[in-house]
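Inspection log for the structure reproduced underneath, given as structure tokens.
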Amino acid sequence: MSENNYRQTIELNNDDEQFELFGQQDRKLRMIEKLSGCELYARGYTVTIVGEEEKVERAVYEIRGMLDLIRAGQHIEEDRINSIFTNGVRKSVADNRNTDPELIPSGLRVEVRPKTPNQRMYLETIYSNVLTFATGPAGTGKTYLAVAMAIGALKQKLVERIILTRPAVEAGESLGFLPGDIKEKVDPYFRPLYDALYELVGIDKAKKLITQEVIEIAPLAFMRGRTLSKAFIILDEAQNSTRSQMKMLLTRLGFGSKMVVNGDITQLDLPSGQESGLVAAMKILEGIDGIGVIRFEGVDIVRHNLVQKIIEAYEELENGTDS
């Protein structure tokens with residue numbers, strides 16, 4: 003048997019596994035074929051993988067890992083297949099099996115599970131600390147997982163409200179020149195937070211919670227002078243807060259509250275030469291008991307595979323320019 007005719011087979015258990023792995027009209031199967039560089043043949047519950055030995059073994063390894071996830075009740079979307087063949091699945095599988103169920107909110111519209119080791123560490127850090135800082139590129143789950151944890155804390159009655167905030171319109175929050183009332187002015191800058199809420203609890207439930215002021219969405223400037231007790235507070239896009247704004251928010255923390263501060267320090271909109279409040283706070287506060295820090299990387303990106311490629315391309319260009 004030549005190297006290019008090396009083959010292995012994998013047996014599936016039922017129609018559900020077959021559909022989840024193959025996809026409609028075998029779309030996922032064809033994607034796996036393209037990503038693995040192998041030929042895949044499906045007959046009944048048997049999948050045969052043919053190609054170069056090393057590529058076949060890698061494909062078998064990842065497909066079996068995907069089956070483990072499917073058998074654990076997870077869905078394997080096409081974007082996730084891309085991520086699996088880029089980053090590997092096995093460590094994520096092991097981590098998911100060992101995830102403390104208390105870390106994962108229940109009763110959400112979609113299943114929330116850590117998809118990378120750093121995501122699991124992020125959930126653990128939020129669970130174990132009063133204040134968590136998280137940095138990293140877009141698509142690593144910083145905002146989405148924090149909102150999921152906030153909803154979980156609310157459902158478990160660990161907090162009485164959720165407060166979602168971010169610097170609006172760069173760091174200066176120059177809202178006066180925008181048309182409309184204050185809600186119309188700021189809403190466009192909070193779409194990522196609304197999107198996460200709508201996906202996790204549904205549009206009607208999210209709007210009801212907002213109307214009841216159980217969930218508050220407001221610009222960072224509106225936090226001044228308040229004491230935020232029994233609340234789960236999320237500061238998003240924190241890289242665009244100034245040092246004084248960050249200090250202001252952190253000192254609003256009240257009894258029974260938890261805070262998550264997220265940002266991508268490579269995406270600064272602050273005036274040139276002005277220090278990011280997120281960068282300063284992490285330097286000043288890291289190592290204090292009760293404060294956790296997570297740094298996501300490109301391998302943690304779980305959005306469309308192109309997002310990771312775009313980020314890597316920009317990083318290569320920037321590194322080349324700086325050298």
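Each residue of the sequence shown is one higher than the last, beginning at 3 in our numbering. From the three backbone atoms N, C-alpha and C, an ideal C-beta is built for every residue, glycine too. Remember, predicted model here, so these are calculated numbers, not experimental data.
Is Ser278 near Gln247, with beta carbons less than 7 Å apart?
In the sequence shown, residue 278 corresponds to position 276, counting from 1. In the sequence shown, residue 247 corresponds to position 245, counting from 1. The criterion of a C-beta distance shorter than 7 Å is not satisfied by Ser278 and Gln247.
Express the C-alpha separation of Ile290 and Asn131 in angstroms, rounding to a whole number.
The residue you call residue 131 lines up with position 129 of the sequence shown. The residue you call residue 290 lines up with position 288 of the sequence shown. Taking the straight line joining both Cα atoms gives about 10 Å.
Evaluate Asn15 with the Cβ neighbour count: other Cβ atoms within 10 Å of its Cβ, from every protein chain shown; 16 or more gives buried, anything less gives exposed.
As a first step, residue 15 must be located in the sequence shown, where it is residue number 13. It is exposed - the Cβ of Asn15 has fewer than 16 other Cβ atoms within 10 Å.
Excluding the 5 residues flanking Tyr124 on each side, which residues of the same chain have their C-beta closer than 7 Å to its C-beta?
Mapped onto the sequence shown, residue 124 falls at position 122. Excluding five sequence positions before and after Tyr124, the CB atoms of its chain that fall closer than 7 Å to its own CB belong to Ala136, Leu147, Ile296, given in chain order.
Bridge partners for Asn264 per DSSP, in chain order?
Within the sequence shown, the letter at position 262 stands for residue 264. Per DSSP, Ala136.
Rounded to whole angstroms, what is the Cα-Cα separation between Glu126 and Val262?
Taking the sequence shown and counting its residues from 1, one reaches residue 126 at position 124. Taking the sequence shown and counting its residues from 1, one reaches residue 262 at position 260. When rounded, the distance between both Cα atoms is 12 Å.
When Ile153, Thr229, Met225 are compared against Ala198, the one with the closest alpha-carbon
Your numbering for residue 198 matches position 196 in the sequence shown. It is Ile153 whose Cα lies nearest to the Cα of Ala198.
DSSP on Ile164, reduced to helix/strand/coil?
As a first step, residue 164 must be located in the sequence shown, where it is residue number 162. The answer is strand: DSSP assigns Ile164 an E or B state.
is_contact[Glu218, chain C] using C-beta, thresh 7 Å
The chain inventory of the structure shown lacks chain C, comprising one protein chain alone.
If we count the other Cβ atoms within 10 Å of its Cβ and call it buried at 16 or more, is Glu239 buried or exposed?
In the sequence shown, residue 239 corresponds to position 237, counting from 1. Buried.
Excluding the five sequence neighbours on either side, which residues of its own chain have a C-beta within less than 7 Å of the C-beta of Arg345, listed in chain order?
One cannot answer for residue 345 here, as it falls past the ends of the chain, which runs 3 to 325.
Under 8 Å by Cβ, that's how I've got Gly300 and Thr134 pegged, so tell me the actual separation to the nearest angstrom.
Along the sequence shown, read from residue 1 onward, the residue named residue 300 stands at position 298. Along the sequence shown, read from residue 1 onward, the residue named residue 134 stands at position 132. No, Gly300 and Thr134 are not in contact; Cβ-Cβ is about 21 Å, not under 8 Å.
Close-in-space but distant-in-sequence residues of the same chain around Ile86 (CB under 6 Å, 5 per side omitted)
For the purposes of this step, residue 86 is taken as residue 84 along the sequence shown, with counting starting at 1. So the qualifying residues of the chain are Glu64.
Apart from the five residues on each side of it in sequence, which residues of its chain come closer than 6 Å, Cβ to Cβ, to Ala233?
Translated into the one-based positions of the sequence shown, residue 233 becomes position 231. If we look at Ala233 and ignore the five residues flanking it on each side, its Cβ neighbours are Val161, Arg163, Ile165, Ser259.
Kindly identify the DSSP beta-bridge partner or partners of Leu230.
For the purposes of this step, residue 230 is taken as the residue at position 228 of the sequence shown. Leu255.
Tell me whether Asn264 is buried or exposed, calling it buried when 16 or more other Cβ atoms sit within 10 Å of its Cβ.
In the sequence shown, counting from the first residue as 1, residue 264 sits at position 262. Buried: at least 16 other Cβ atoms inside 10 Å.
Can you tell which of Leu255, Gly53, Val114 has its C-alpha closest to the C-alpha of Thr11?
Looking up residue 11 in the sequence shown gives position 9. Taking the Cα of Thr11 as reference, the smallest distance to any Cα among Leu255, Gly53, Val114 is reached at Gly53.
Return the Cβ separation of Leu211 and Val149 in integer angstroms, given the expectation that the two are a contact with Cβ distance under 8 Å.
Here residue 211 is taken as the residue at index 209 of the sequence shown, counted from 1. Here residue 149 is taken as the residue at index 147 of the sequence shown, counted from 1. No, Leu211 and Val149 are not in contact; Cβ-Cβ is about 12 Å, not under 8 Å.
If you check the beta carbons only, do Phe192 and Ile219 fall under 7 Å apart?
The residue given as residue 192 occupies position 190 in the sequence shown. The residue given as residue 219 occupies position 217 in the sequence shown. Yes, Cβ-Cβ distance for Phe192 and Ile219 is below 7 Å.
Report the CB separation of Asp18 from Thr142 in whole angstroms; it is logged as a contact under 8 Å.
Start at 1 with the first residue of the sequence shown, and residue 18 comes out as number 16. Start at 1 with the first residue of the sequence shown, and residue 142 comes out as number 140. With 8 Å as the limit, Asp18 and Thr142 do not qualify as a contact, their Cβ atoms being about 30 Å apart.
Euclidean distance between Cα positions of Leu23 and Leu31
Position 21 of the sequence shown, counted from the first residue, corresponds to residue 23. Position 29 of the sequence shown, counted from the first residue, corresponds to residue 31. Linking Leu23 to Leu31 through their CA atoms gives a straight-line distance of about 7 Å.
Reduced DSSP category for Leu237 - H, G, I as helix; E, B as strand; rest coil:
For the purposes of this step, residue 237 is identified with residue 235 of the sequence shown, where counting begins at 1. Note: Leu237 maps to strand in three-state DSSP.
7 Å CB neighbourhood of Val281 in its chain, flanking five on each side removed:
Along the sequence shown, one-based indexing puts residue 281 at 279. Answer for Val281: Ile267, listed in chain order.
Name, in chain order, the residues that DSSP records as bridge partners for Thr118.
Walking along the sequence shown from the start, residue 118 turns up at place 116. Beta-bridge analysis with DSSP links Thr118 to no other residue.
Proximal residues to Val203 (C-beta, below 7 Å), its chain only, five neighbours per side dropped
Here the question's residue 203 lines up with position 201 in the sequence shown. Leu110, Arg111, Ile153, listed in sequence order.
Through-space distance from Ser38 to Arg60, alpha-carbon basis:
Residue numbering aside, residue 60 sits at position 58 when the sequence shown is read from its first letter. Residue numbering aside, residue 38 sits at position 36 when the sequence shown is read from its first letter. In a straight line, the C-alpha of Arg60 is about 8 Å away from that of Ser38.
Using three-state DSSP, classify Glu314 as helix, strand or coil.
By one-based count along the sequence shown, residue 314 stands at place 312. DSSP places Glu314 in helix when its eight states are reduced to three.
With H, G and I counted as helix, E and B as strand and the rest as coil, what does DSSP make of Gly294?
On the sequence shown, residue 294 is found 292 positions in, with the first residue counted as 1. It is a strand residue.
Would you mind giving the Cβ-Cβ distance between Glu139 and Ile313, rounded to the nearest angstrom? I have them listed as a contact below 8 Å.
Position 137 of the sequence shown, counting from 1, holds the residue named residue 139. Position 311 of the sequence shown, counting from 1, holds the residue named residue 313. Residue identity differs from the one stated: residue 139 is Pro in this sequence, not Glu. Between Pro139 and Ile313 a beta carbon distance of about 5 Å is seen, short of the 8 Å cut, so the two are scored as contacting.
With Glu41 as the anchor, note down where its beta strand (DSSP E) starts and where it stops.
Against the sequence shown, residue 41 aligns to sequence position 39. Per DSSP, Glu41 belongs to the beta strand (DSSP E) from 41-45.
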